[in-house]
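Engineer: Let me begin by handing over the structure; questions about it come next.
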């Protein structure tokens, strides 16, 4: 099946630093990638949808200047958490959708656990 | 009101039991419906899509009631390996999926 990787899998950083998370589709081209955040015992919350070569679409309440998304190629999207604070500590998961695939062809990455001290 | 609501559980059942999960959604324009499984500290994995006619995959049966905006998942003959959190997911369109908070299932020997 299709594989999506995320790097790093876990990161611990100091408050005020920026953290970049990479999401790669390894065996297909993803025109659309999604970034989710999941707090403990809560549902996945869609943060933004990114389409290759264009600006990301952010969900209401998600600060685009704080969560920078770049989808520069058909296999790579990055999420940068700028000036991270402890409340940004969460599980960040990306997913990728090939071409014109249906919603159920989203493939999830293994997630990145961010801890901000 | 949350767009997708699930009973958080936990459901604790013995091996071999039958267990059913329910989910309701608020957006009547929703077009696609899924059940995902999420193991602790892992990413969600698609369990099955849910169709209006209902569908079955081995021990798993999913049903959709559009009129009541209600989705269900039935697991028969529970296995220890079924222990996980089951996420109800509703899609407005191909690029917009909304996740329920999940129902936690623990199957005990």
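Protein chains in written order, with our numbering: chain A, 2 to 118; chain B, 19 to 127. Cβ atoms here follow ideal geometry from the backbone N, Cα and C, with glycine treated the same way.
1. Which residue's Cα is closest to the Cα of residue 59 (chain B): A:19, A:93 and A:62?
2. Determine whether the Cβ of residue 42 (chain A) lies closer than 9 Å to any Cβ atom of chain B.
3. Quick check: the Cα distance between residue 1 (chain A) and residue 81 (chain A), rounded to an integer number of angstroms?
4. On a CA-only basis, which of A:34, A:13, A:61 and A:43 is nearest residue 110 (chain A)? Give me that one, please.
5. Under the assumption that residue 102 (chain B) contacts residue 82 (chain B) (Cβ atoms under 8 Å), give the Cβ distance between them as a whole number of angstroms.
6. Quick one: is residue 98 (chain A) near chain B, going by C-beta distance under 9 Å?
7. Using the DSSP secondary-structure output, state which residues sit across from residue 24 (chain A) in a beta bridge.
8. Could you compute how far the alpha carbon of residue 24 (chain B) sits from the alpha carbon of residue 108 (chain B)?
9. Can you grab the Cα-Cα spacing for the pair residue 118 (chain A) / residue 60 (chain A), in whole Å?
10. Report the option in B:76, B:61, B:94 and B:56 whose CA atom is closest to the CA atom of residue 104 (chain B).
11. Taking its Cβ as the centre, do 16 or more other Cβ atoms sit within 10 Å of residue 122 (chain A), making it buried, or is it exposed?
12. Answer yes if the stretch 70-90 of chain A comes into contact with the stretch 19-37 of chain A, meaning at least three C-beta pairs across the two stretches below 8 Å, and no otherwise.
Structural biologist: Let me lay it out:
1. In the second chain, the residue the question calls residue 59 (chain B) occupies position 41. Checking every option, the nearest Cα to that of residue 59 (chain B) belongs to A:93.
2. Taking the first residue of the first chain as 1, we reach residue 42 (chain A) at position 41. Chain B, which has a Cβ nearer than 9 Å to the Cβ of residue 42 (chain A), makes this yes.
3. Chain A is shown from 2 up to 118; residue 1 (chain A) falls before or after that span and cannot be answered.
4. On the first chain, residue 110 (chain A) is found 109 positions in, with the first residue counted as 1. Nearest option by C-alpha distance: A:34.
5. Counted from its first residue, the second chain places residue 102 (chain B) at position 84. Counted from its first residue, the second chain places residue 82 (chain B) at position 64. Incorrect: roughly 21 Å between the Cβ atoms, too far for contact.
6. The residue given as residue 98 (chain A) occupies position 97 in the first chain. The Cβ of residue 98 (chain A) sits closer than 9 Å to at least one Cβ of chain B.
7. Within the first chain, numbered from 1, the residue matching residue 24 (chain A) stands at position 23. Paired residues: A:7 and A:78.
8. Within the second chain, numbered from 1, the residue matching residue 24 (chain B) stands at position 6. Within the second chain, numbered from 1, the residue matching residue 108 (chain B) stands at position 90. Roughly 12 Å between the two C-alpha positions.
9. Sequence index remark: in the first chain, residue 118 (chain A) carries index 117 (1-based). Sequence index remark: in the first chain, residue 60 (chain A) carries index 59 (1-based). Going by the C-alpha atoms only, they are around 26 Å apart.
10. Counting from 1 along the second chain, the entry for residue 104 (chain B) is found at position 86. Measuring C-alpha to C-alpha distances from residue 104 (chain B) to each of B:76, B:61, B:94 and B:56 identifies B:56 as the nearest.
11. Residue 122 (chain A) falls outside the range modelled here, since chain A spans only 2 to 118, and no answer is possible.
12. With the rule of 3 Cβ pairs closer than 8 Å, the stretch 19-37 of chain A counts as touching the stretch 70-90 of chain A.
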